[in-house]
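First up is the structure itself, then whatever we jot down about it.
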Amino acid sequence: CGVCGKRFTYGHSLKVHERVHTGDRPFRCALCGKAFKQSNALASHERVHTGDRPFRCALCGKAFKQ
1157 CGVCGKRFTY
1167 GHSLKVHERV
1177 HTGDRPFRCA
1187 LCGKAFKQSN
1197 ALASHERVHT
1207 GDRPFRCALC
1217 GKAFKQ
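Residue numbers for the sequence shown, in the numbering used here: 1157 to 1222.
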């Protein structure tokens, strides 16, 4: 990283890391406008609006958002 000197094995990891310094948040929620640095964070956030709970405990059956 040109700002902090942190090194990465993959170029994509560096690109994602650089958003820490630039504040770039390219992934925006279409419903509320909240923005995120990574697409997976947006996908997790969208469950707030949909109520989707795709992760289920094998022991008790309770469902979770993440």
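We put the beta carbon where it would ideally sit given N, CA and C, even for glycine.
Quantities reported herein were computed from a predicted structural model and do not represent experimental measurements.
What are the boundary residues of the alpha helix (DSSP H) that residue i is part of?
i, result
"Gly1161", "First-last for Gly1161: undefined, no H or E at that position."
"Ala1197", "1195 to 1206"
"Arg1175", "1167 to 1178"
Using beta-carbon positions only, say whether residue i and residue j come within less than 8 Å of one another.
i, j, result
"Arg1212", "Lys1193", "no"
"Lys1162", "His1177", "no"
"Phe1183", "Leu1170", "no"
"Gln1222", "Ser1195", "no"
Any idea which residues DSSP pairs residue i with across the strands?
i, result
"Ala1191", "Arg1184"
"Ala1219", "Arg1212"
Three Cβ pairs or more, each shorter than 8 Å: is that satisfied between the region 1198 to 1206 and the region 1176 to 1190?
yes
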